[in-house]
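Quick notes on the structure that follows.
In UniProt numbering, the protein residues as written are 1 to 398.
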């Protein structure tokens, strides 16, 4: 097809040209004497995105799943009791990993479309005076259902119970896009990946750990090799890695972090809220609902849109891809066929979001849904224009 392929899945996200060009370099010697001149400042830049001033970050040549595993293996021991919740495909997969690694997993089951059950966590933690629970896990942004959760509230629940359990957070589709503050929220292990808010191809699992996680590591009894903190610390402190790193991706990450810090995290969070609000205005105008059951759960990085009974959301997705060269996210597991997902995170602006909404409208009309052409796009445009900080004319007059 002529023209660009439009990518509106919740990861991998669009890669800025500056980042892509930064990766377009010749292969490099990862043991060169000047390599630390590049890596040491990079570690600091990444740590700043997490708002982590007391711990450190680890950059693994893996997906976010690898960073999940690294967090468990380096801070816990087989048989440790942990508290988790399941309300979507990715929170489910983290539960599955913890169980397969031999943890004693206590799972609070939630409806898909809800988020971390903070009140239930608080009740359970207060009922654990012996501190048998060694870690509390929380998925900050459940990508499968478009649900964000209150991590600050989980920390408050731990503090109210005076509970020493580690706080482990999956921030793969949140960090670098929506509000996250590792220091202020007392997060011990924060997991992310390169292919979402960091605006890179997949291939770097990012783990940011607190000083308390580093202390817990001293007593962790899991055998570990590839994800070993010991090996990473020993070499990272010198500016190197214990094995061949994804050097080209690290070059891209360096520029991506520069772009993040130039825009400012608070400005990025505000931009994502604005773009997501435009998408939600469109969904309302279409007469449809989000999978997220309440406004407090609404995600600012991905919207999972429910289709009416009798419609298969996969047909909407296939039509968008085959007729309009546009990719939307499919429903996963329990919500397969019931939702299609619009990813609105990373390197994105109002025009790009409006394109996603336009193609979604055409695709829904093509599969027979009762959608008025221009309704959702118009609602988003109304929102974007009515909330724009300054017009071009005002800027030109300055």
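Built from N, CA and C at the ideal position, the CB exists for glycine as well.
Computed from a predicted model, the values in this text were never measured in an experiment.
Could you say which of the options lies nearest to residue i if we only look at CA atoms?
| i | options | result |
| --- | --- | --- |
| residue 22 | 259, 87, 303 and 289 | 259 |
| residue 368 | 351, 354, 325 and 313 | 313 |
| residue 364 | 350, 52, 306 and 164 | 306 |
| residue 40 | 50, 254 and 83 | 254 |
| residue 226 | 205, 238 and 82 | 205 |
| residue 199 | 5, 1, 10 and 389 | 10 |
| residue 31 | 379, 82, 248 and 240 | 240 |
| residue 50 | 91, 332, 382 and 190 | 190 |
| residue 242 | 125, 38 and 59 | 59 |
| residue 264 | 176, 131, 288 and 119 | 176 |
| residue 91 | 334, 350 and 352 | 334 |
| residue 15 | 247, 162, 304 and 252 | 252 |
| residue 129 | 158, 331 and 218 | 158 |
| residue 298 | 54, 141 and 152 | 141 |
| residue 44 | 224, 236 and 72 | 236 |
| residue 222 | 185, 70, 127 and 327 | 70 |
| residue 350 | 289, 186 and 381 | 381 |
| residue 170 | 295, 89 and 127 | 89 |
| residue 261 | 7, 42, 308 and 6 | 42 |
| residue 389 | 328, 329 and 267 | 267 |
| residue 229 | 72, 7, 48 and 34 | 72 |
May I ask you to list the residues that DSSP assigns as paired with residue i?
| i | result |
| --- | --- |
| residue 340 | 305 and 330 |
| residue 139 | 170 |
| residue 290 | 305 |
| residue 189 | 168 and 209 |
| residue 133 | 81 |
| residue 57 | 208 |
| residue 359 | None, per the DSSP bridge assignment. |
| residue 86 | 109 |
| residue 69 | The partner list for residue 69 (beta bridge, DSSP) is empty, contrary to what the question assumes. |
Skipping 5 residues on each side, what residues in its chain have a beta carbon closer than 8 Å to that of residue i?
| i | result |
| --- | --- |
| residue 385 | none |
| residue 393 | Residue placement at residue 393 is poorly supported in this model, since its pLDDT is 48, which falls under 50; the coordinates are not used for a value here. |
| residue 377 | 282, 354, 357, 358 and 361 |
| residue 233 | 56 |
| residue 3 | 325 |
| residue 398 | Bear in mind that the predicted position of residue 398 carries a pLDDT of just 46, short of 50, making it too unreliable to give a figure here. |
| residue 25 | 248 and 251 |
Please go through the same chain and pick out, in chain order, the residues whose beta-carbon is closer than 6 Å to the beta-carbon of residue i, but skip the five residues on each side of it.
| i | result |
| --- | --- |
| residue 188 | 166, 167, 210, 212 and 213 |
| residue 300 | 178, 272, 273 and 276 |
| residue 17 | none |
| residue 66 | 60 and 205 |
Would residue i and residue j be called neighbours here (beta carbons separated by less than 8 Å)?
| i | j | result |
| --- | --- | --- |
| residue 197 | residue 345 | yes |
| residue 113 | residue 257 | no |
| residue 102 | residue 78 | yes |
| residue 269 | residue 13 | no |
| residue 193 | residue 64 | yes |
| residue 245 | residue 36 | no |
| residue 136 | residue 154 | yes |
| residue 131 | residue 164 | yes |
| residue 208 | residue 302 | no |
| residue 341 | residue 304 | yes |
| residue 161 | residue 220 | no |
| residue 151 | residue 185 | yes |
| residue 284 | residue 379 | yes |
| residue 319 | residue 28 | no |
| residue 278 | residue 383 | yes |
| residue 181 | residue 53 | no |
Any idea what DSSP makes of residue i, helix, strand or coil?
| i | result |
| --- | --- |
| residue 109 | strand |
| residue 27 | coil |
| residue 321 | helix |
| residue 121 | helix |
| residue 4 | coil |
| residue 391 | Per-residue confidence for residue 391 stands at a pLDDT of 49, beneath the threshold of 50, marking its modelled position as unreliable; no derived number is given. |
| residue 261 | helix |
| residue 92 | helix |
| residue 15 | coil |
| residue 224 | coil |
| residue 163 | coil |
| residue 398 | In this predicted model, residue 398 has a pLDDT of only 46, less than 50, meaning its place in the structure is not dependable; the value taken from the coordinates is given anyway. If DSSP states are grouped into helix, strand and coil, residue 398 belongs with coil. |
| residue 147 | strand |
| residue 219 | coil |
| residue 255 | helix |
| residue 179 | coil |
| residue 128 | coil |
| residue 237 | coil |
| residue 34 | coil |
| residue 312 | coil |
Among residues of its own chain, excluding the 5 on either side of residue i, which ones have a beta-carbon nearer than 7 Å to its beta-carbon?
| i | result |
| --- | --- |
| residue 371 | 286, 361, 364 and 365 |
| residue 110 | 85, 86, 87 and 117 |
| residue 105 | 82, 84, 95, 98 and 99 |
| residue 337 | 312, 313, 314 and 331 |
| residue 149 | 115, 116, 138, 139 and 140 |
| residue 375 | 285 and 286 |
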